[in-house]
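In my numbering, the protein residues as written are 120 to 381.
See structure below.
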Ligand SMILES: [Zn+2]
């Protein structure tokens, strides 16, 4: 998956492939300048935006794989936020806590079932309650498996519903995490700083923040998802998943246009 990036020297628009660690060592195809692009975004955000873009472009089946991956990476994000939050409460060295978390993660990295187990415990310890949303039915696990593993061709409405369910869940958990999410952002900044310190002379560092479906919420640039206007005489109920997703799409979907050009 490619996205456009402007050369800091000649302003030429280069095509860049998303890198797993959000760190892109680049050379401008026009002027040859070397630069390093750091994208301040979490993996689950990138994946959800790619899914949303695919959905908007009519690739419903492809979107499912991205949404499913986004949810798995969000569970990892939540676990990391929780563990680092705990460590900071104990005045522990941040880098030590991150290292210990990274080595522990290796035990579960290739098995998503183990990761869901870790998430369930993290949620229980942090919120003091059962993660009752963690059932296969609530997560649309059967639908996801039919699409990804059995070649089922989903209708657009089914994918909309699946996307809305995952969006609403991540949105709710991010809200519950609140400033706790900042610990993972800090870990990303540290990994950027480590790479930055190793850059050869003459390489320009560029930091970017791409708009997306979730980022807007946490950094308040577009404000939180607002409730729909309530007609007179009716009490306001909570928005359902589809309404929450539709509203976010209306507010932030256009911000994903930059993903369309490549
Ligand atoms: Zn250039």
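Every residue gets a Cβ at the ideal spot worked out from N, C-alpha and C, and that includes glycine.
Beta-carbon proximity of residue i to residue j, cut-off 9 Å
i           : j           : result
residue 241 : residue 360 : no
residue 203 : residue 302 : yes
residue 155 : residue 128 : no
residue 164 : residue 331 : yes
residue 176 : residue 329 : no
Buried versus exposed call for residue i [16 or more other C-beta atoms within 10 Å across all chains shown]
i           : result
residue 261 : exposed
residue 263 : buried
residue 199 : buried
residue 230 : exposed
residue 369 : exposed
residue 195 : buried
Enclosing beta strand (DSSP E) for residue i [first to last residue]
i           : result
residue 143 : 142-146
residue 231 : It is not in any beta strand (DSSP E) - residue 231 instead sits in the alpha helix (DSSP H) that spans 231-246.
residue 93  : The question about residue 93 has no answer here: the residues shown for the chain are numbered 120 through 381.
residue 327 : 323-327
Close beta carbons around residue i, own chain, < 7 Å, minus the five adjacent residues each side
i           : result
residue 266 : 180, 183, 273
residue 121 : 134, 135, 136, 381
residue 166 : 185, 188, 189, 192
residue 252 : 288
DSSP beta-bridge partners of residue i
i           : result
residue 197 : BP columns for residue 197 are empty, so no partner.
residue 271 : Note: residue 271 sits in no beta bridge, so no partner.
residue 123 : 134
residue 153 : 146
Residues of its chain near residue i, where Cβ-Cβ distance is below 6 Å and the 5 sequence neighbours each way are ignored
i           : result
residue 286 : 364
residue 339 : Low confidence applies here, because residue 339 scores a pLDDT of 43, under 50, leaving its location unreliable and the question unanswered by this model.
residue 153 : 146, 322
Alpha helix (DSSP H) segment containing residue i, residue limits
i           : result
residue 362 : 360-371
residue 307 : 301-316
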